[in-house]
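Each residue of the sequence shown is one higher than the last, beginning at 1323 in this note's numbering.
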Amino acid sequence: MDQLHSPEPIADSASAPLDDASEQGLTEDLLRALSTAMRSFRLYGGESPMLGRFLDALRARLVALFEHVPVVHLHIDEDEIRWEGHVVYPSGGESGDLAFLFYKDGIRGLTFLSGFEGEVEAFLSLLSKAPNLREEEDDLVTLLWQADLEGLRYEYVEPGHEGVDPPGLDGKAPEPVNVRDVRAAASEPSTSLSPDDFQETLYFLDDSELRRVAEMVKSETDRDLLGDVLAALFDRMEDGDEERQVRIVQILNELLPSILSSGQFERSGLMLQELVDLARRGDTLTAPAMKEIRGIFDLLARPETIHQLVETLEEQPGALQGDSLGKLLGYFPPEALAPLMRAVEAVPRPDVKRVLERAIDRLVEANRDAVVGLLRDPDPGVAAGAARWAGRLSIGAAVSGVVNLLEHSEPRVRSAAISALQDLRAAAAGRSLLPLLDDTDRDVRIAAARTIAALDFAPARPSLEAAITSKELRSADRTEKLAFFEAYGRLAGGDGVALLDRALNGKSWLGRGESAETRACAALALARVRHPSARDSLMAAVNDADPVVRTAVARALRGENS
């Protein structure tokens, strides 16, 4: 090789205990894994959890090869990589190909030493930068020199020197330059351009032909290239052998994360539908291909996949439209329910939360038993989500599990359980709600009072009466007071008018009554009582001096609820 440079001497490969064919196979696997990891590194930018899978696969193949040989030497050509004279990585010579990536910057040989598996991430980081370097910036050789990777050796040639003999080696002296000739040539007027030079030639396209060409260009530009590629892959899978089927599924496995992250939920759902249809035919796919397909669906249930899905929804408003997300989640396995529920409980944006909830309904509907099981999940987010969906879809078998959550240590879980019991119309669980009227958490107390009222659990009347006459409720905020007063008014009926009238119109011997806020709550509670005496009590306060009380009384007389 002309003008070959190597930073350090290259060690000779030790004899491998495998035969040449086996060692060649391991080398081919290594380069395929390197190419896949490089594409993934460019796609995810080195920050996605998905990249870890490809890095682990690459390290595993390096370790497998180093178990048999301490050194792997590769020869780089423009359109292929060779090992021991055998082609182990053919390519198309495109700028994105592994072989061309090294060749264009003058690298003609690579040697991997044992221990290189610990430096593959740094190596991939350099390769991902190489295609984006401008001419005035450092090339790949410079980047490798700066990185100084201990497990890598490389051979390269200076640009423009390969296969070119330096000038002046024929023994002849250069001819002298005549200065007069140079000056005469410079003084001659340059040939000017004429508009005639740009006139149409004999074969210039007419207007109709130009329109036709423009239409063809637009048609090709607007073409759904990815859709065509996917259709071709599925067609080849149906009539392919075992090796081809496995490889196609692996390609789909690599494509799916990027399609999901770009918000193409409809396309992702169609891909999964195709895989399901092929799997159901029974006689089309081989056992190894079926195993690879199951791996794709297992990937959908992983927390990092769900996290990436939620990030896409938050970053791309267009992804929130339509029902494509719901159809997509319909293909997710039951194991995806837990991370999905955890994500819904944690997502901060209400619009994203609503879209996710609607989309998950389809998956939950198909896996009701799984929802009941998730009520026992130790993760508070999952348990709360399971309770909400049990109530949302009226899963009767979940009542006992939801009641158990009323004693959960997390307030948000207790609140979710209370709401679920209201949705389930589980009146029998009313007695379990009574202790929560004295819960340490305000939101739980409010939810318990409202749910007891909604369930018409009459035995709660004494507890509610004790609450609205207590000092604790007098110091509570308006929302909590109103929840207890209205619950009492609904359950007590005509028997509760006397107590509510004292709160609204009663005064002590000093002429003092309850606070304006408490009196307003009592007025709104009387609106819940369907009894003539309740109206009489309200009419007695219709001209009250306090505007807050007057407004509440007016609303109550109009039959308005809070």
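The beta-carbon is built from N, C-alpha and C at its ideal position, and this holds for glycine as well.
Anticipated Cβ contact below 8 Å, residue i with residue j, distance rounded
| i | j | result |
| --- | --- | --- |
| Gly1431 | Glu1402 | Actually they are not in contact, since the Cβ atoms of Gly1431 and Glu1402 sit about 13 Å apart, beyond 8 Å. |
| Glu1441 | Leu1377 | About 11 Å; that fails the 8 Å criterion. |
| Ser1754 | Arg1710 | With 8 Å as the limit, Ser1754 and Arg1710 do not qualify as a contact, their Cβ atoms being about 18 Å apart. |
| Ala1845 | Ala1878 | 5 Å |
| Glu1472 | Gly1437 | 7 Å |
| Ala1623 | Phe1654 | 7 Å |
| Leu1756 | Ala1782 | 6 Å |
| Val1669 | Leu1678 | 7 Å |
| Ala1681 | Leu1647 | 4 Å |
| Leu1435 | Val1393 | 6 Å |
| Asp1745 | Gly1713 | 3 Å |
| Thr1801 | Ile1768 | 6 Å |
| Glu1439 | Val1479 | So it is not a contact: roughly 28 Å between Cβ atoms. |
| Leu1527 | Val1535 | 7 Å |
Limits of the alpha helix (DSSP H) - the one that residue i falls within
| i | result |
| --- | --- |
| Val1871 | 1869 to 1879 |
| Glu1477 | Taken as a continuous stretch (DSSP letters only), Glu1477 belongs to no alpha helix (DSSP H), being part of the beta strand (DSSP E) at 1474 to 1479. |
| Arg1558 | 1547 to 1560 |
| Glu1565 | 1564 to 1583 |
| His1629 | 1625 to 1637 |
| Asn1827 | 1819 to 1827 |
| Gly1591 | 1587 to 1603 |
| Leu1423 | 1420 to 1425 |
| Gly1374 | 1373 to 1388 |
| Ser1541 | 1529 to 1543 |
| Ser1859 | 1854 to 1861 |
Close beta carbons around residue i, own chain, < 7 Å, minus the five adjacent residues each side
| i | result |
| --- | --- |
| Lys1829 | Gly1835 |
| Glu1596 | Phe1556 |
| Ala1706 | Glu1667, Arg1734, Val1735, Ala1738 |
| Leu1491 | Model confidence at Leu1491 stands at a pLDDT of 42, short of 50, so the residue's coordinates are unreliable; what they give is reported in the following sentence. Excluding sequence neighbours, Leu1491 sits near nothing in its chain. |
| Thr1873 | none |
| Arg1545 | none |
| Leu1552 | Met1593 |
| Arg1566 | Arg1558 |
Extent of the continuous beta strand (DSSP E) run through residue i
| i | result |
| --- | --- |
| Pro1700 | It is not in any beta strand (DSSP E) - Pro1700 carries neither H nor E in the DSSP assignment. |
| Phe1434 | 1429 to 1435 |
| His1395 | 1393 to 1398 |
| Ile1403 | 1402 to 1405 |
| Val1410 | 1408 to 1412 |
Residue from the options whose Cα sits closest to the Cα of residue i
| i | options | result |
| --- | --- | --- |
| Val1724 | Glu1732, Pro1700, Ala1770, Ala1751 | Ala1751 |
| Asp1399 | Ser1792, Asp1419, Leu1696 | Asp1419 |
| Leu1446 | Leu1527, Ala1355, Val1409 | Ala1355 |
| Arg1824 | Met1538, Thr1464, Arg1841, Asp1557 | Arg1841 |
| Leu1813 | Phe1779, Arg1671, Val1674 | Phe1779 |
| Ala1776 | Leu1743, Leu1396, Leu1448 | Leu1743 |
| Met1361 | Asp1563, Ser1450, Leu1384 | Before going on, a small fix: residue 1361 reads as Arg here, not Met. Of the listed residues, the one whose Cα sits closest to Arg1361 is Ser1450. |
| Ser1583 | Glu1636, Lys1793, Glu1531 | Glu1636 |
| Ile1951 | Ala1359, Phe1363, Gly1811 | Outside the shown range of the chain (1323 to 1884) lies residue 1951, about which nothing can therefore be said. |
| Asp1620 | Leu1659, Gly1585, Leu1600, Lys1649 | Leu1659 |
| Val1704 | Glu1732, Glu1687, Lys1793, Val1394 | Glu1732 |
| Arg1850 | Ser1785, Gly1815, Val1870 | Gly1815 |
| Arg1383 | Arg1404, Phe1363, Thr1358 | Thr1358 |
| Lys1426 | Glu1531, Arg1404, His1730, Ala1452 | Ala1452 |
Own chain partners of residue i with C-beta closer than 6 Å, once the 5 adjacent residues on each side are dropped
| i | result |
| --- | --- |
| Cys1843 | Lys1803, Leu1804, Phe1807 |
| Arg1698 | none |
| Ala1665 | Ile1628, Val1632 |
| Lys1793 | none |
Beta-carbon proximity of residue i to residue j, cut-off 8 Å
| i | j | result |
| --- | --- | --- |
| Leu1348 | Leu1387 | yes |
| Arg1734 | Pro1702 | yes |
| Ile1628 | Leu1574 | no |
| Met1593 | Leu1578 | yes |
| Glu1345 | His1390 | yes |
| Val1410 | Leu1353 | yes |
| Arg1558 | Ile1570 | yes |
| Ala1771 | Ala1798 | no |
| Glu1564 | Ala1601 | no |
| Arg1310 | Ile1717 | The chain is shown from 1323 up to 1884; residue 1310 falls before or after that span and cannot be answered. |
| Val1875 | Ala1867 | no |
| Thr1433 | His1395 | yes |
| Ser1580 | Leu1365 | yes |
| Leu1650 | Gly1591 | yes |
| Gly1585 | Gln1638 | yes |
| Pro1656 | Ala1708 | no |
| Glu1282 | Asp1342 | The chain is shown from 1323 up to 1884; residue 1282 falls before or after that span and cannot be answered. |
Contacts around residue i, its chain only, beta-carbon distance under 8 Å, and the 5 residues preceding and following it disregarded
| i | result |
| --- | --- |
| Gly1859 | The residue asked about is misnamed: residue 1859 is Ser in this sequence, not Gly. Excluding residues within five positions, the ones whose Cβ falls inside 8 Å are Val1819, Leu1822, Asp1823, Leu1826, Asn1827, Leu1848. |
| Leu1642 | Leu1635, Asp1673, Val1674, Val1677 |
| Asn1865 | Arg1872 |
| Ala1749 | Leu1777, Asp1778, Phe1779 |
| Arg1375 | none |
| Glu1458 | With a pLDDT of only 47 at Glu1458, under the threshold of 50, the placement of this residue in the model should not be trusted, and no figure is reported. |
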